[in-house]
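Below is one structure, written out as structure tokens, with a few remarks after it.
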Amino acid sequence: MADIARQAQVSEATVSRVINGRPGVSHETRMAVLTALDVLGYERPERLRKRSAGLVGLVVPELENPIFPAFAQVIESTLAQQGYTPVLCTQSPGGVTEDEYVEMLLDRQVSGIVFVSSLSADTAADPSRYQRLLDRPLPIVLVNGYTETIDAPFVSCDDRLAGDLAVSHLVALGHRRIGMISGPNRFINTQRKLAGYRTAMERELGVSDPDVALTLFGVEGGEVAADRLLAQGVTGLICGSDLMALGAIRAARRRGLHVPKDVSVIGFDDSPLIAFTDPPLTTLRQPVASMAVAACRALIDEINGHGAPRSEYLFRPELVVRESTAIAPSRRELAPA
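In terms of our numbering, the sequence shown has 296 at position 259, counting the first letter as 1, and numbering is strictly consecutive.
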């Protein structure tokens with residue numbers, strides 16, 4: 038009690054009243070004592086433990102791309118603050134599938150599920166798996182995976198705007214040959230980024246058939262696609278993720294090119310640590326915290342029977358300019374030696 042009293046800056050008598058549930062203690066003082074209990078590692082008495090409002094599933098595709106742990110951290114923290122116990126389900130190649138995770142979560146009688154970049158983003162996948170959950174009924178929210186036929190709340194980054202902002206930034210720096218690297222075209226996020234990119238290329242440069250390379254997500258895919266576009270003479274590269282952008286920088290260096298003196302590179306996500314790459318990466322930042330909190334609020338409203346709007350909440354990306362983009366090189370600098 039003496040340790041707790043010192044940590045909370047109250048008397049031992051006050052600690053005793055809080056622990057024993059006696060009256061005469063303000064809410065602020067009670068919270069200070071409970072916080073001291075937690076900080077010092079003491080287990081709260083049963084009567085003072087926060088009751089779980091239920092389990093909530095959180096399904097993410099993988100954890101190698103740092104943007105997914107970033108989403109998971111905020112979603113888990115927000116759910117826990119509302120009394121829910123998050124159950125993280127992470128997929129890996131050859132491991133448990135999304136559908137298998139959903140069955141496990143249903144067996145545990147979860148109150149709802151948050152899907153991040155799930156199969157709903159894949160236009161080749163069957164969306165009826167989500168309709169079956171809604172028919173149970175089970176509240177679900179889908180982050181970055183819009184599908185028109187699913188009657189549920191969606192939270193998405195505005196990928197069309199991201200493609201447009203990236204092109205506008207490079208054009209302002211004098212670039213005219215601007216290529217786009219992204220994942221397979223069956224993903225709605227890829228389709229939207231490409232739509233924004235193509236619209237901006239037509240508007241800004243009058244280019245109706247720009248340089249596009251679709252590949253596998255990840256560093257390796259970005260490297261292969263960038264090498265192909267660099268061979269075609271592009272001076273600016275817009276990538277569908279930060280990891281792909283890192284692959285693009287690797288491809289440029291392998292060709293003896295300097296980023297950004299010879300080639301400018303833009304990523305997407307602004308995932309943790311990306312500001313500390315070499316060079317620090319210019320990227321389109323997803324507002325992860327705002328998106329994650331919105332997803333949790335929509336799910337909790339659904340669980341509580343308030344019925345969140347069945348529509349897509351679009352969040353604006355932010356262009357974060359760092360050191361991987363610069364004024365376009367002159368034709369003389371690009372000419373072969």
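A virtual CB, placed ideally from N, CA and C, is assigned to each residue, including glycine.
Secondary structure of residue i, DSSP reduced to three states
i	result
S63	coil
L179	strand
R359	coil
T115	helix
A262	helix
L321	strand
L125	strand
Y79	coil
E101	coil
D172	helix
A365	coil
I215	strand
E349	strand
L202	helix
G233	helix
D196	helix
I187	coil
S165	helix
A42	helix
S157	helix
V249	strand
G149	strand
Presumed contact (8 Å Cβ cut-off) between residue i and residue j, rounded CB distance
i	j	result
F352	C194	5 Å
I187	P164	5 Å
L77	Q44	6 Å
L356	L321	6 Å
Own chain residues within Cβ distance below 7 Å of residue i, not counting five before or after
i	result
L74	I41, R81
Q269	D248
V62	T51, R54, V55
H212	T272, G273, S301, A365
E99	F105, T127, Q128, S129
Q228	N222
L210	S301, T362, A363, I364, A365
Cβ shell of residue i (< 6 Å), same chain only, five flanking positions each side left out
i	result
P103	S308, P309
T319	I303, V358, R359, S361, T362
P176	G149, L336, E339, I340
A250	I218, A262, R265, L266
G216	D248, L266, V271, L274
Y350	V192, A331
R214	G270, V271, T272
R67	V55
Y138	V96, C126
Beta-carbon contacts of residue i that lie in its chain and below 8 Å, excluding the five residues immediately before and after
i	result
E257	G284
F224	A158, D159, T160
A69	A45, Q46, V47
8 Å Cβ cutoff met for residue i and residue j
i	j	result
G255	A282	no
V296	S348	no
L336	V96	no
P354	L170	no
Q128	E135	yes
T252	I218	yes
A288	D306	no
G94	V124	yes
A162	Q119	no
T115	C333	yes
Heavy atom of the ligand MN within 7 Å of residue i beta-carbon
i	result
D75	For the ligand MN, the structure offers nothing, since it holds no ligand at all.
Within-8 Å CB hit, residue i to chain D
i	result
V133	Here chain D cannot be found, since the structure has a single protein chain.
Cβ contact check for the segment 163-181 and the segment 191-207: 3 or more pairs under 8 Å | yes
Does the segment 111-120 come within contact of the segment 325-342, defined as at least 3 CB pairs closer than 8 Å?
-> yes
Contact between the segment 200-210 and the segment 231-244: three or more CB pairs below 8 Å?
-> yes
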